[in-house]
Amino acid sequence: MSVETGTGQRLEGKFASFSEHWRPKVLARLNGQELCAVKTCGVFPWHRHADSEEFTAPGGVEV
C-alpha cells in the first residue's frame with residue numbers, strides 16, 4: 098500500500114531517509130502543524146499527548 102503526502106512524496110521514502118529509533122522526525126509542516134514520523138524498536142510504552150492527534154501507518158505497530 099502506498100501512502101502519499103500533500104506534496105506527492107511517498108512516506109516510504111521519508112522513513113527510508115532515517116534509521117534512528119525513538120527520535121521523531123518532522124516530515125511536513127502546514128498552518129503551524131507538524132506531521133512527524135518515528136521508528137520504534139522493542140516494547141512501546143503506550144501513552145497519549147493531549148495536544149496532538151496520532152495515527153499508525155500500515156506495518157507500523159503490533160499491539
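Residue numbers (our numbering): 98 to 160.
Note that CB positions come from ideal geometry on N, CA and C, so glycine has one too.
Three-state class that DSSP yields for MET98 in the structure shown: By one-based count along the sequence shown, residue 98 stands at place 1. Residue placement at MET98 is flagged as unreliable, the pLDDT there being 44, under the threshold of 50; the coordinate-derived value follows with that caveat. It is coil, neither helix nor strand.
message: Can you tell me whether GLU131 is helix, strand or coil according to DSSP?
response: Walking along the sequence shown from the start, residue 131 turns up at place 34. Residue state, collapsed to three classes: strand.
field: Segment limits, alpha helix (DSSP H) that includes LEU110
entry: What you label residue 110 is simply residue 13 of the sequence shown in a count that begins at 1. This sequence places Gly at residue 110; Leu is not what is there. For GLY110, the enclosing alpha helix (DSSP H) stretches over residues 108-113.
task: Taking only the alpha-carbon atoms, compute the straight-line gap between ARG126 and HIS146 and give it to the nearest angstrom.
output: Start at 1 with the first residue of the sequence shown, and residue 126 comes out as number 29. Start at 1 with the first residue of the sequence shown, and residue 146 comes out as number 49. Each residue's alpha carbon lies about 18 Å from the other.
message: Since PRO121 and ALA134 should fall inside the 8 Å C-beta cutoff, what is the C-beta to C-beta distance between them, to a whole number of angstroms?
response: Translated into the one-based positions of the sequence shown, residue 121 becomes position 24. Translated into the one-based positions of the sequence shown, residue 134 becomes position 37. That belief holds up - the Cβ atoms of PRO121 and ALA134 are roughly 7 Å apart, short of 8 Å.
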